[in-house]
Amino acid sequence: MFITFEGPEGSGKTTQMNRLAAWLRERGYDVLTTREPGGTAIGDRVRAILLDPVATEMEAETEALLFSAARAQHVRQVILPHLRRRPLGVVLCDRFADSTLAYQGYGHGLDLAQLAVITAFATGGLKPDLTIYLDLDVEVGLRRKALAAGQDAAQWNRMEQRALDYHRRVRDGYRAMAAAEPQRWLVVDAAQPLEEVQAQIRQGLAPRLPALDRSPVAGGR
Ligand code: TYD
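Printed below as a string of structure tokens:
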């Protein structure tokens, strides 16, 4: 089973993913946690290009292709081999193709239909069985991030305001994608306390998990 985590900045994806992984492992699932971009030696080098301070002028098209290039490697080298360990192989991935649609598509305004073709090529058509979307007001999320980084609030206001509209478009994009495909997306309000967010994730996931029955008949595929 392939489960992805999506959300705007500061929504707590990584913490929630790691807690869910621990819970699933306690229940006997064979869980791999990974993240985008990265997770492979090639992906990590692509990530370094994306994060390099000299790349501030990078075009949105270049960004979309680099994230997709890292993803192509990640899918084939890391994700698919683990998913083949059926029926108990579970992959939890911190961001996936929906991030490209949200950030480079809705955020930067690249054509969504073209991006869908590029991401389908990169993923080889692999789609998440479930996407857990942690929804959060963008200002709350950016403030959480700034606080964690030790910036003071006044500085945050000046520095981040310009980016606010961009992050709002990203969030609106996520919400539009979730509304268009409600059977794949589980939307959780990330403004709630951490424990409550985790409880709702488990509640939403539980009925979709593959059965843990290891008898030869049930596990015979
Ligand atoms: P990351 O280090 O994953 O931090 P977080 O997920 O905690 O915000 O951030 C990666 C950044 O890259 C994040 O701002 C989202 C962005 N991104 C894209 O723009 N497109 C993509 O396809 C992916 C995977 C990430």
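For the sequence shown, our numbering begins at 3 and goes up steadily by one. Cβ coordinates follow ideal geometry from the N, Cα and C atoms, glycine included.
Point to revise | Distance, Val-48 Cα to Arg-88 Cα | key: Distance between the alpha carbons of Arg-88 and Val-48 is about 30 Å.
Review point. Does DSSP classify Glu-8 as helix, strand or coil?
Key: Glu-8: strand per DSSP, three-state reduction.
Exercise for review: Compute the minimum distance between the beta carbon of Phe-69 and the heavy atoms of the ligand TYD, and state whether it is under 6 Å.
Suggested key: The answer is yes for Phe-69.
**Study point:** Per-residue DSSP class, three states only, for Arg-173
**Key:** DSSP places Arg-173 in helix when its eight states are reduced to three.
Check your understanding: For Asp-191, which residues of its own chain have a beta-carbon under 7 Å away from its beta-carbon, when the five flanking residues on both sides are left out?
Key -> Same-chain partners within the cutoff: Asp-137.
Check your understanding: So does the segment 12-19 actually touch the segment 127-147, counting three or more Cβ pairs closer than 8 Å?
Key -> Here the segment 12-19 lies against the segment 127-147, with 3 or more beta-carbon pairs under 8 Å apart.
**Study point:** Cβ contact check for the segment 173-189 and the segment 105-115: 3 or more pairs under 8 Å
**Key:** Verdict: yes, contact present.
Review point. How about Thr-35 and Leu-94: do their beta carbons lie closer than 7 Å?
Key: Between Thr-35 and Leu-94, the gap from beta carbon to beta carbon is short of 7 Å.
Check your understanding: In its own chain, which residues sit with a C-beta less than 6 Å from the C-beta of Met-161, not counting the 5 before and 5 after it?
Key -> Unreliable placement is indicated for Met-161, whose pLDDT of 48 sits below 50; no coordinate value is reported for it.
**Study point:** 8 Å CB neighbourhood of Thr-17 in its chain, flanking five on each side removed
**Key:** So the qualifying residues of the chain are Leu-196.
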